[in-house]
Amino acid sequence: MKCVKTTLKGWREIPEGGTIMEPGSSVNFDVTAWRTSSPVIDQNKCTKCGMCFLYCPDSAIEIDDAGNYRVNLSYCKGCGICAKGCAPKAITMVKEGH
Amino acid sequence: MGRRVGISGNYAVAYAVKMADVDMIAAYPITPQTTIVEKLSEFVANGELDASYMNVESEHSAISACVGASLTGARVFTATSSQGLALMHEILFMASGLRTPIVMANVNRALSAPLNIWNDHSDAMAQRDAGWIQLWVRSAQEGFDTTIEAFKIAEETRLPVMVNMDGYIVSHMYEPVELPDEEEVRKFIPSKPLENRVSTKTAYATGVVGPPEYYYEMKYQAIDAIEKSRLKIKEIDREFNSRFGRNYSEIEAYGMDGADAALIVMGSIFGSAKEVANSLREEGKKVGVISLRLFRPFPAEEIRSALKGIKAVGVVDRATTPGGFGNPLYNEIAAALYDMQERPTLQGFVAGLGGRDITQDDFRTMYNATESAAKKGAGRCIYVGLRE
Chain A
1 MKCVKTTLKG WREIPEGGTI MEPGSSVNFD VTAWRTSSPV IDQNKCTKCG MCFLYCPDSA
61 IEIDDAGNYR VNLSYCKGCG ICAKGCAPKA ITMVKEGH
Chain B
1 MGRRVGISGN YAVAYAVKMA DVDMIAAYPI TPQTTIVEKL SEFVANGELD ASYMNVESEH
61 SAISACVGAS LTGARVFTAT SSQGLALMHE ILFMASGLRT PIVMANVNRA LSAPLNIWND
121 HSDAMAQRDA GWIQLWVRSA QEGFDTTIEA FKIAEETRLP VMVNMDGYIV SHMYEPVELP
181 DEEEVRKFIP SKPLENRVST KTAYATGVVG PPEYYYEMKY QAIDAIEKSR LKIKEIDREF
241 NSRFGRNYSE IEAYGMDGAD AALIVMGSIF GSAKEVANSL REEGKKVGVI SLRLFRPFPA
301 EEIRSALKGI KAVGVVDRAT TPGGFGNPLY NEIAAALYDM QERPTLQGFV AGLGGRDITQ
361 DDFRTMYNAT ESAAKKGAGR CIYVGLRE
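In structure tokens form, the structure reads like this:
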């Protein structure tokens, strides 16, 4: 899924009281700026057990057409749970900007 | 054609809430609660009012329940006082931020310590930045009328409204009150479902996170709403007058024609202030008094125009801002007058804390000190009636 970055709304455009009337609107919310490090998956070590996919609290792990696990960085907050839960230690957390 | 009854200020508010046909009332029934909600529980119990009545475990829960019920589009009410209002503090900001048109009666009493349940304005003043409209009444009749108006103001501005009434002096005083026919009240405030409310039919998320990218804009919405409520309140006062024949406005001026010095007061002490102004006028002193009925939004324009040509103004605070330059009402007035071309000298007073009576002599002291401030300039705040 591709994150659609929406332009920030002005105060006149926001529904009264900040109410959200459409379901599933969190797909529009890019959390890139929250992250200080990001998961890098070594596809050679990956056994495709799917633990990272199950554990990720933000559903940022996706499976591509070839069946490989990939991180959608738009939704990854860099918590590192995927790396902790990876049995073959195929995921390493790499500091951003290094 | 209505009827005239002898009831307390508390009961006047309860009758207004009953006639407003509220859907839900939440309250915590222990000191410092008042007989407002006791009377309402009676109305619900004997079938005179078809509403859901929730006895909750604290004032924090009472206002939380009101926010939840209001979000479903229900017309809701709660009453509190003193420590009860203080306990509601954090939820008061949520009520205005979520734009829930809650009406709350607050019977003004002091805050502890020392423990004191007598009348002053400490409770409401401590909540003045919560984004609520604040109306202040001076009699049981005004308590009734203002509560009726409060429902209309709240629902048309989508903001919560606090109706403030002096503890004991008004709340427990029995006075003649004109109660209009319930039908007339319903015509003035018809129950109508509010839009964009929680329902089982549509997806809806409220109480959402406002990250740094959005908090500012969401907060500004509520600031803009309370600014715009000024016009709405004027309109509703006019409509109330045409329907019920009683005229209310943001401020009330008394004896201001040709006055040199004036006091500014809030709440029930307006009566004594007028009486002492009369005696002083008979003695040849040119004094007047202004009473504020609206505190939020603050009626700065109205005050500025009422004070044109006045040499000195004395502001009577019944609450304090310890360590501040002035006290709550003084500071508001000072800010409102600052950009006047020729502004009056401003003398601050504190009086009537924790239920201490403000006597006629105290008013004389304040009028005289204000007059002398016109000649010699004002000093720091005078604590009237304080024992050395």
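In order, the protein sequences belong to chains A and B. Quick note: the first sequence, position 28, residue 28 per UniProt numbering, numbers continuous. Quick note: the second sequence, position 217, residue 217 per UniProt numbering, numbers continuous. Backbone N, C-alpha and C define an ideal beta-carbon position, used for all residues, glycine too.
Sequence-distant residues of its chain with Cβ nearer than 6 Å to residue i (five each side left out)
i	result
A126 (chain B)	none
Q141 (chain B)	V177
Y174 (chain B)	G6 and S8
I236 (chain B)	E149, K152 and I153
Residue i - containing beta strand (DSSP E), residue span
i	result
M266 (chain B)	A261 to M266
I251 (chain B)	I251 to Y254
V40 (chain A)	S37 to I41
S81 (chain B)	V76 to S81
T47 (chain A)	No beta strand (DSSP E) contains T47 (chain A), which DSSP labels as neither H nor E.
S291 (chain B)	V287 to L292
D317 (chain B)	A312 to D317
F349 (chain B)	T345 to V350
R3 (chain B)	R3 to S8
E22 (chain A)	From DSSP, E22 (chain A) is part of no beta strand (DSSP E); its letter is neither H nor E.
I61 (chain A)	I61 to I63
Run of the alpha helix (DSSP H) containing residue i, from where it starts to where it stops
i	result
R138 (chain B)	Neither: R138 (chain B) is in no alpha helix (DSSP H) and is coded neither H nor E.
G271 (chain B)	F270 to E282
G68 (chain B)	E59 to L71
S372 (chain B)	Q360 to K376
E332 (chain B)	P328 to L337
I303 (chain B)	A300 to A306
Residues near residue i in its chain [Cβ-Cβ closer than 7 Å; skip 5 each side]
i	result
E182 (chain B)	M19
A90 (chain A)	I41, D42, K45 and C46
A65 (chain B)	A26, M54 and V56
I189 (chain B)	A20, I148, F151 and K152
W136 (chain B)	N164, M266, G267, L292, R293 and F295
P32 (chain B)	S81, S82, Q83, G84, R109 and I117
Straight-line Cα distance separating residue j from residue i
i	j	result
V103 (chain B)	L194 (chain B)	15 Å
R128 (chain B)	R296 (chain B)	7 Å
E13 (chain A)	Q221 (chain B)	10 Å
residue 398 (chain B)	T147 (chain B)	Lying outside 1 to 388, the shown extent of chain B, residue 398 (chain B) is not represented and no answer is given.
G80 (chain A)	C56 (chain A)	9 Å
V265 (chain B)	T78 (chain B)	26 Å
I61 (chain A)	G97 (chain A)	21 Å
Y338 (chain B)	G314 (chain B)	15 Å
A334 (chain B)	V287 (chain B)	20 Å
V384 (chain B)	D362 (chain B)	7 Å
Y215 (chain B)	F298 (chain B)	24 Å
F325 (chain B)	N331 (chain B)	8 Å
R304 (chain B)	G377 (chain B)	20 Å
A14 (chain B)	K39 (chain B)	6 Å
I269 (chain B)	T72 (chain B)	39 Å
P211 (chain B)	M218 (chain B)	10 Å
I274 (chain B)	T320 (chain B)	Note that residue 274 (chain B) is Lys in the sequence shown, not Ile. If I take the Cα positions, the gap works out to 24 Å.
G131 (chain B)	E227 (chain B)	10 Å
C86 (chain A)	T36 (chain A)	20 Å
L73 (chain A)	V37 (chain B)	54 Å
T35 (chain B)	H89 (chain B)	22 Å
A62 (chain B)	V71 (chain A)	45 Å
M165 (chain B)	G207 (chain B)	31 Å
P88 (chain A)	V27 (chain A)	30 Å
L307 (chain B)	E371 (chain B)	14 Å
S249 (chain B)	S139 (chain B)	15 Å
T4 (chain B)	H121 (chain B)	According to the sequence displayed, residue 4 (chain B) carries Arg and not Thr. Going from the Cα of R4 (chain B) to the Cα of H121 (chain B) covers about 30 Å.
G97 (chain B)	F43 (chain B)	31 Å
M256 (chain B)	I30 (chain B)	43 Å
I358 (chain B)	P160 (chain B)	31 Å
Cβ neighbours of residue i in the same chain (closer than 8 Å, five flanking residues each side left out)
i	result
K192 (chain B)	E155
G2 (chain B)	E178, L179, P180, D181 and E184
T345 (chain B)	K311, A312, V313, A373, A374, G377 and A378
Near the ligand SAM: residue i beta-carbon under 7 Å from a heavy atom
i	result
I310 (chain B)	The model depicted lacks the ligand SAM and carries no ligand whatsoever.
Exercise. Mind checking the stretch 184-204 of chain B against chain A and listing, in chain order, the residues whose C-beta falls within less than 8 Å of any C-beta there?
Key: Result list: N196, T202, A203 and Y204.
Quiz prompt | Every unbroken beta strand (DSSP E) inside the stretch 153-222 of chain B [3 residues or more] | solution = For the stretch 153-222 of chain B, whole beta strand (DSSP E) runs of length 3 or above, ordered along the chain, are 161-166 and 174-179.
Practice problem: Scan the stretch 4-22 of chain A for residues whose Cβ lies nearer than 8 Å to a Cβ of chain B and list them as they occur along the chain. | Solution: Cβ contacts with chain B: L8, K9, G10, W11, I14, P15, E16, G17, G18, T19, I20, M21 and E22.
Self-check item: Continuous alpha helix (DSSP H) assignments of at least 4 residues falling wholly in the stretch 26-52 of chain B
Solution: Along the length of the stretch 26-52 of chain B, whole alpha helix (DSSP H) runs at least 4 residues long occupy 35-45, reported in chain order.
Quiz item: Which ranges would you report for the beta strand (DSSP E) in the stretch 77-123 of chain B if only whole runs of at least 3 residues count?
Solution: Annotation note: the stretch 77-123 of chain B contains the following uninterrupted beta strand (DSSP E) runs of length 3 or greater, listed N- to C-terminal: 103-108.
Exercise. Report the residue ranges of all alpha helix (DSSP H) runs contained in full by the UniProt domain "4Fe-4S ferredoxin-type" (67-96) of chain A; include only those spanning at least 4 residues, in chain order.
Key: You should have 81-85.
Exercise. Could you list the residues in the stretch 254-273 of chain B with a C-beta less than 8 Å from some C-beta on chain A, going in chain order?
Key: Within the stretch 254-273 of chain B, no residue qualifies.
Exercise. Quick one: which residues of the stretch 273-289 of chain B get their C-beta closer than 9 Å to a C-beta of chain A? List them in chain order.
Key: Result list empty, no residue passes.
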